[in-house]
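Those letters in the sequence shown? Residues 107 to 212, by our numbering. The C-beta atom is built at its ideal place from N, Cα and C for all residues, glycine as well.
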Amino acid sequence: MTKWWAGKKGWSTDLKPALILNLFWLVINILLGGFFFGIIALIINIIVGGFLASKLYNKEFGESIVFVIVVLIILFIIWIIIFIIISAIVIVAILGSAGAAGAAGY
């Protein structure tokens, strides 16, 4: 995702900067999980991620902050879509098994 967005902006499409940035985000999110810490993690991701992106892609800090925010928004939207799909599958599986159990006389 990060590599794709960097390419769309005309930045470097090398895999290394994108992997470093994504690895940083993953570590912060794992270390600071939960709602309250999620807000702190988001702020750290934006600020430090913007700094990292500016160094990795040789861009201005402000432009890198916008880049990081857009990538995080796109990743959040993807997460919501995946969550909805998985929730729908679980609901269908539960309702399907309940309907089958009712039809079998259980």
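Cutoff 6 Å; reference residue i; Cβ partners in own chain excluding five residues on either side
i	result
W117	Y163
S170	G156, A159 and S160
For residue j and residue i, the rounded distance between their alpha carbons
i	j	result
I186	I180	10 Å
I149	L201	40 Å
I145	I152	11 Å
L132	S203	36 Å
V154	F167	10 Å
V172	I190	27 Å
S193	I184	14 Å
K115	I188	26 Å
K165	F143	29 Å
Pick from the options that is closest to residue i, judged by C-alpha positions
i	options	result
A159	N128, V198, I197 and I191	N128
S156	A147, F143, G144 and V174	For the record, residue 156 in the displayed sequence is Gly; it is not Ser. Comparing Cα-Cα distances from G156 to each of A147, F143, G144 and V174, the minimum goes to V174.
Span of the alpha helix (DSSP H), counted from its first residue to its last, around residue i
i	result
G116	G116 -> no alpha helix (DSSP H), and no H or E assigned at all.
Contacting residues, own chain, Cβ-Cβ under 7 Å from residue i (five flanking each side not counted)
i	result
V177	M107, T108 and W111
G113	T119
A89	Because the chain is modelled from 107 through 212, residue 89 falls outside the range shown and cannot be assessed.
Neighbourhood of residue i by C-beta, 8 Å cutoff - its chain only, sequence neighbours within 5 removed
i	result
A147	I134, N135, L137, L138 and G139
I126	L158 and L162
I195	none
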